[in-house]
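Under our numbering, think of the first position of the sequence shown as 1204, with each following residue one higher. Here a beta-carbon is modelled for each residue, glycine too, at the ideal position from N, C-alpha and C.
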Amino acid sequence: MGHRESNKWIKSTCPYCGVGCGIEATANHHGGLEVRGDSQHPANFGRLCSKGLALGETVGIEGRLLTPQINQQDVTWEEALTDVATHFRQIIEHHGNDAVAFYVSGQLLTEDYYVANKLMKGFIGSGNIDTNSRLCMSSSVAGHKRAFGADIVPGCYEDLEQADLIVLTGSNLAWCHPVLFQRIRDAKAHNQCKVIVIDPRRTPSCDIADLHLPLLPGSDIALFNGLLAFLSENRAMDFAYIDQDTEGLDLALATAFRFGDIESVQAATGLDREQILAFYQLFAATEKTVTVYSQGINQSTSGTNKVNSILNCHLATGRIGKPGSTPFSITGQPNAMGGREVGGLANMLAAHMDFGNPEHTRQISEFWQTDNLARTPGLKALDMFNAIESGKIKAIWIMATNPAVSLPDNQRLSAALANCPYVVVSDCMADTDTLRHADVALPAQGWGEKSGTVTNSERRISRQRRLLPSPGEAKPDWWIISEVAKKMGFGYAFNYQSEADIFREYAQMTTLGQETLTPSSSGSRTGNHGQDVQALSRPLNLSGLADLTPKQYHQLAPQQWPVTQYDQPTARLFGNGEFATPSGKAQFIATDHRPTAEQTSSRYPLRLNTGRIRDHWHTMTRTGLSPRLSEHTSEPYLALSAQDAERFSIEQNKLVKVSSERGCILLRARISKECLPGQVFAPFHWNDCTTSMGKVNALLAGHRDPLSGQPELKATPVCIHPSPYQ
Ligand code: SF4
């Protein structure tokens, strides 16, 4: 894909969801931006959703944090940076390097993420850097690593147009990744592909569904284990592929068969026999199948096993690494994938290298010229905030995220933040629930002012380009982190002049050790496609971008990794049947169906599901600026069935009090067919800055998947009552 840039319109990338749509923008006469879809960007080919189209309305100076502040008093950058460096140094000196932490965000650019990870893991010497992407897709990361040997999303968006069957499971694509939904809808009109939606709710994604399976919350593994058993019983597997390219089927099948008969699947999922068989038969019969999964799968105490139960079915049918055939995890945030690449998760090192691998830690230490590289994983998001509460972490730096709203059990965790001895927050906005706890507030550039790269859900790296001057004293996140690093005494390693320097260093890092692969270490063997192949060491290889000139970086066109040659298209991953595991074979994983962490009771008889709405993004600090976007849904609501409305005496559009073990909030009742009886749904966007009705995530517990650390956000027992306040 060549790059074109006119004099007037500058190409960049939408900062909201993980689709990563290309945009073109030009300054208007009011100091704002006109925005349109980039017709050449492979993610969207000119399409944009409502949020992308309203980007120009969210870039003004209104609500911006314009100067550094200490204890809410304006200070110079010099004073603020010195304060941060001094406090971090003193706390490390007195309490050790694990007494400090960074909590970062899928909103950061890859360059910001890289530098933050380098400072914490490489020089402070602690693994305590984790990201809000932990709440979004870490179960997929863990599932990919188990099955493929590395965190790899094998699909690309074109697969959606080439498939004959698309299974959307745990994904309201219509609202959460609207441009991908548009691509599927258009493909369906053209090629009549079938669409199956698996979701407890009847969401707008069901509008194009040939079949909707409203399974009970948390029963996904039972459904996919049943599918694996069905494929086996009906000999609908690709036995040549299984023999040649995979390991572990027997154990996975034995587990699946334990509860894999249709009656057991019916009992676990609450689905009709006909519905289940219709899904299984269509899946078995359709070679070109894409299974798209998202937060409904990931945000669960069984999230990793849910992911592997899906991957098992694709491996059993050999439907991976081929056009129109792939499992496909869609990330929530614009740069969740970029963060995964550069070590933004507490349990991973940069460039997909691992803590437990002495060769990796040696290579990184040499590359960064540090003798203080963290040797053990740090605390994952919720554990990090629990450690603040218990006093183990005494200083936290929160970048580009609003955990006081987005974390589950956020009232308790906000109280922990309020008691934390030292809190630094970098943000582009001046008033967020989290900033209210900051000892030091650092003004970061906003989307339209930043320059760097992001990676979308199909592993495509795209440039975000500077479109507007920075207001006030706002600075790039990478600059802020680097300046603190210098003041902490690590100047020699953080002397970056531009984001291009950082990207080049990161790309060079991905080449470490790649050339030392040997056939024995890489599991060389003959692939089922006849050629001699070698197991991929780390498919995340950007050697083709390791020597980019500043001009090439500026002009970088969107491209998927691995990139071994500048501006050359990437071969499809896993197309040769080779995986990044020690044996070179993909792994089936035995996955047991487990109940959700909390069960309904006579006191809390309903299940609360949470998620996004069409026109707002996360905690609304930016989309809340656009009146147009607030028209679609103007206040927080609770979707419930007519049966539950009658049972609990709730009236349409009246306020309802929703309570869990952790607290209560008020929401506006929306009685509809969206939720089945026994289940309710509420969006999580609103916060103390935008409503006095309470924060939805305050109702949720912090139960998490033991493998991924991802919290369960979609199955909280609650009770509802009519509110006396109307
Ligand atoms: Fe932005 Fe996602 Fe909408 Fe594309 S689909 S315009 S990336 S919010």
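Going by beta-carbon coordinates alone, are residue 1428 and residue 1373 separated by less than 7 Å? Between residue 1428 and residue 1373, the C-beta gap is not smaller than 7 Å, which leaves the two residues out of contact.
Which term fits residue 1762, buried or exposed, when burial requires 16 or more other beta carbons within 10 angstroms of its beta carbon? So residue 1762 ends up on the buried side.
Give the straight-line distance between the Cα atoms of residue 1422 and residue 1281, rounded to the nearest whole angstrom. Cα atoms of residue 1422 and residue 1281: separation of roughly 54 Å, rounded to the nearest angstrom.
So, for residue 1482: in the same chain, excluding its five sequence neighbours on each side, which residues have a beta-carbon less than 7 Å away from its beta-carbon? If you ignore the 5 residues before and after residue 1482, its C-beta comes within less than 7 Å of the C-beta of 1399, 1414 and 1416, all in its own chain and listed in chain order.
Interface flag, residue 1242 vs chain B, CB-CB below 7 Å: Structure shown: chain B not included; a single protein chain is present.
Would you tell me roughly how many angstroms separate the C-alpha atoms of residue 1433 and residue 1440, rounded to the nearest one? Cα to Cα, residue 1433 sits roughly 10 Å from residue 1440.
Take residue 1238 and list the residues in its own chain whose beta-carbon comes closer than 6 Å to its own, dropping the five residues that flank it on each side. For residue 1238, where only same-chain residues beyond five positions count, the Cβ hits under 6 Å are 1226, 1228, 1258 and 1259.
Residues near residue 1875 by beta carbon distance below 7 Å, same chain, minus five either side: Sequence-distant partners of residue 1875 (beyond 5 residues in either direction) whose C-beta falls short of 7 Å from its own C-beta, in its chain, are 1842.
Quick one: Cα of residue 1802 to Cα of residue 1827, how far? For residue 1802 and residue 1827, the distance between alpha carbons rounds to 35 Å.
Identify the continuous alpha helix (DSSP H) that holds residue 1568 and give its terminal residues. Its alpha helix (DSSP H) spans residues 1561 to 1571.
In whole angstroms, what is the alpha-carbon distance linking residue 1215 and residue 1509? Cα atoms of residue 1215 and residue 1509: separation of roughly 35 Å, rounded to the nearest angstrom.
Can you grab the Cα-Cα spacing for the pair residue 1553 / residue 1314, in whole Å? Whole-angstrom Cα-Cα distance: 12 Å.
Validate contact between the segment 1333 to 1350 and the segment 1494 to 1507 using beta carbons, cut 8 Å, 3 pairs: Short answer: they touch.
Indicate, with yes or no, if the ligand SF4 has a heavy atom lying under 6 Å from the CB of residue 1670. No, the ligand SF4 has no heavy atom inside 6 Å of this Cβ.
Contact set for residue 1381: own chain, Cβ-Cβ below 6 Å, skip 5 residues either direction: Excluding positions up to five away in sequence, the list reads 1252.
Beta-carbon proximity list for residue 1299, same chain, < 8 Å, skipping 5 on both sides: Excluding positions up to five away in sequence, the list is empty.
Between residue 1903 and residue 1616, what straight-line distance do the alpha-carbon atoms span, to the nearest angstrom? As the crow flies, the alpha-carbon of residue 1903 is around 12 Å from that of residue 1616.
Below 6 Å, is the gap between the Cβ of residue 1827 and the nearest heavy atom of the ligand SF4? Incorrect: residue 1827 has no Cβ contact closer than 6 Å to the ligand SF4.
Would you say the segment 1348 to 1364 touches the segment 1330 to 1338, given that touching needs at least three Cβ pairs under 8 Å? As far as the Cβ criterion goes, the segment 1348 to 1364 does not touch the segment 1330 to 1338, which means the pair count is below three.
Over the uninterrupted beta strand (DSSP E) stretch that includes residue 1619, give me the two end residues. Counting along the chain, residue 1619 falls outside any beta strand (DSSP E), though it belongs to the alpha helix (DSSP H) covering 1613 to 1622.
Taking 6 Å as the line, does the beta carbon of residue 1219 fall inside it for any heavy atom of the ligand SF4? Yes, Cβ of residue 1219 sits closer than 6 Å to a heavy atom of the ligand SF4.
Can you tell me where the alpha helix (DSSP H) holding residue 1753 begins and where it ends? Residues 1753 to 1758.
Limits of the alpha helix (DSSP H) - the one that residue 1847 falls within: For residue 1847, the uninterrupted alpha helix (DSSP H) segment begins and ends at 1845 to 1850.
What did DSSP end up calling residue 1335 once you bin it into helix, strand or coil? Look at residue 1335 here: in three-state DSSP terms it is helix.
With a threshold of 6 Å, establish whether the CB of residue 1363 neighbours any heavy atom of the ligand SF4. Residue 1363: no, Cβ never under 6 Å from the ligand SF4.
Under a Cβ-count criterion, where at least 16 other Cβ atoms within 10 Å of its own Cβ denotes burial, should residue 1401 be classed as buried or exposed? Looking at its Cβ environment, which holds 16 or more other Cβ atoms inside 10 Å, residue 1401 is buried.
Could you give the C-beta distance for residue 1881 and residue 1811, rounded to a whole number, given that I count them as a contact under 8 Å? That pair is no contact at about 11 Å.
Relative to the ligand SF4, is the shortest distance from any of its heavy atoms to the C-beta of residue 1251 smaller than 6 Å? Proximity of the beta carbon of residue 1251 to the ligand SF4 is indicated: a heavy atom of the ligand is located closer than 6 Å.
Starting from residue 1293 and walking both ways along the alpha helix (DSSP H), at which residues does that stretch end? Going by DSSP, residue 1293 is part of the alpha helix (DSSP H) stretching over 1280 to 1298.
Name the one or two DSSP bridge partners that residue 1664 has. Beta-bridge pairing links residue 1664 to 1658 and 1762.
Euclidean distance between Cα positions of residue 1688 and residue 1694: Going from the Cα of residue 1688 to the Cα of residue 1694 covers about 6 Å.
In terms of alpha-carbon separation, which member of 1461, 1274, 1219 and 1452 lies closest to residue 1640? Looking at the Cα atoms, 1274 is the closest of the given residues.
Residue 1172, enclosing alpha helix (DSSP H) - first and last residue: Given a span of 1204 to 1929 for the chain in the structure shown, any question on residue 1172 remains unanswerable.
Residues near residue 1523 in its chain [Cβ-Cβ closer than 7 Å; skip 5 each side]: The answer, listed in chain order, is 1357, 1517, 1529, 1530 and 1777.
Complete beta strand (DSSP E) runs within the segment 1355 to 1384 (minimum length 3 residues, chain order): Within the segment 1355 to 1384, the runs of beta strand (DSSP E) that reach at least 3 residues and sit entirely inside it are, in chain order, 1368 to 1372.
Sheet register partners of residue 1812 (DSSP bridge): By DSSP's assignment, residue 1812 forms a beta bridge with 1884.
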